[in-house]
Each structure stands twice: as C-alpha cells, then as structure tokens.
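Numbering (my numbering), first residue to last: 7 to 107.
As structure tokens, then:
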C-alpha cells in the first residue's frame, strides 16, 4: 500500500518520502523506500497512507484517520546502489489508555 513518511532531520528541515507498506499490524508496520532516505533509529516520523487506499478493511483504524505518529524501530540493511536503508520498521505511538491487541 502506498504511503508517505514525514520527519525533521538533524538541522530541523522537514523531509518526506513516498514508501510502500507491508506487514501492517495494530502496533506498527514495515515500510520499503525506493528512493534513498537515511532516517536515524528512534526518529519520530508521521506516517500517512495514501487517500486512495485509506479505507481498505485490512488497514487498522488509526491508519484510516490520517497522520499517525510513529518511531523508527528498526533500520533495514543498506542497499549497495544508494548506500541508504531499504526500509524501516515503524512502531505506532499510541495513547497509553488504548490497548493494542
């Protein structure tokens, strides 16, 4: 499913990249990056699924509502062609009162 990540880099500049999602769950997901983007581990990012696929039944409710604050939880190995990670595992940051099933 196509989506977009937005974050601020070390200098405070806003960055964004288009990604493809996989392994979606209530707690997080893995995103694959075609273009080179170096996002540090534990960086906070905003994830937004593209509008055309947002109402898919398999998608967790919080992803249908728009931007989801997430943390980079794991960084995939770097591609030789770009020298940047091929993807990132994201952990959704949810309200502590909300139980993740």
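We treat Cβ as the ideally placed atom computed from N, Cα and C, and that holds for glycine. Keep in mind that this is a model prediction, so the values were computed, not measured.
| Item | Value |
| --- | --- |
| Beta-carbon spacing of residue 49, residue 60 below 8 Å | no |
| Those residues which DSSP pairs with residue 38 across a bridge | 26, 93 |
| Pairwise C-alpha distance: residue 94 and residue 9 | 13 Å |
| Residue of 81, 87, 56 minimising C-alpha distance to residue 46 | 81 |
| Element boundaries [beta strand (DSSP E), containing residue 50] | 50-55 |
| Boundaries of the alpha helix (DSSP H) in which residue 69 is found, first to last residue | 67-70 |
| From 18, 96, 39, residue whose alpha carbon lies closest to that of residue 90 | 39 |
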